[in-house]
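Scroll down for the structure; my scribbles are underneath it.
Numbering (our numbering), first residue to last: 822 to 959.
Pasting the structure below:
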């Protein structure tokens, strides 16, 4: 684990109103690999009482995006251009984890994948995504 990277990502995510609303926290980080967690409550469930698929997609997109962010030079932009997610099992409220891994980072495109699991380690979803990678944001 890279403690400086972990702290930087934790601070960045904590400052985000969206990620705070979703209850997302960074659990582990090293270059190209990030684990995030989300505490899912009753406000995140669908009409069937299961975690809404959109919440799993948010967790997957965040895990993939931060895995790219952790591996590119600071200040470069990475923007999700597509996210493909496969829901493998129903999710219930509780703590969910998303493990993202940067697969390939090029000059203008990057690819990442993520797995979403419940607190017992049950695989709930798998995702892969493509990102547009651009120059510095300043």
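Every residue gets a Cβ at the ideal spot worked out from N, C-alpha and C, and that includes glycine.
Only a predicted model underlies this, so the values are computations on that prediction, with no experimental measurement involved.
May I ask you to report which of helix, strand or coil DSSP gives residue i?
i, result
"residue 849", "strand"
"residue 860", "strand"
"residue 823", "coil"
"residue 839", "helix"
"residue 928", "coil"
"residue 959", "Residue placement at residue 959 is poorly supported in this model, since its pLDDT is 44, which falls under 50; the coordinates still yield a value, given next. Note: residue 959 maps to coil in three-state DSSP."
"residue 941", "coil"
Apart from the five residues on each side of it in sequence, which residues of its chain come closer than 7 Å, Cβ to Cβ, to residue i?
i, result
"residue 943", "910"
"residue 888", "853, 854, 855, 921, 922, 923 and 933"
"residue 925", "931 and 932"
"residue 878", "904 and 906"
Taking its Cβ as the centre, do 16 or more other Cβ atoms sit within 10 Å of residue i, making it buried, or is it exposed?
i, result
"residue 952", "buried"
"residue 868", "exposed"
"residue 891", "buried"
"residue 939", "buried"
"residue 907", "exposed"
"residue 898", "exposed"
"residue 835", "exposed"
"residue 903", "exposed"
"residue 896", "exposed"
"residue 883", "buried"
With a CB to CB cut of under 6 Å and the five nearest residues on each side skipped, what residues in its chain are close to residue i?
i, result
"residue 841", "none"
"residue 860", "844 and 916"
"residue 955", "898"
What residues in its chain sit with their C-beta under 8 Å from that of residue i, if we drop five residues either side in the sequence?
i, result
"residue 886", "899, 901, 921, 933, 950 and 952"
"residue 849", "822, 827, 855 and 856"
"residue 871", "911, 912 and 913"
* Secondary structure, beta strand (DSSP E): runs of 3+ residues fully inside the segment 865 to 923 -> 897 to 908
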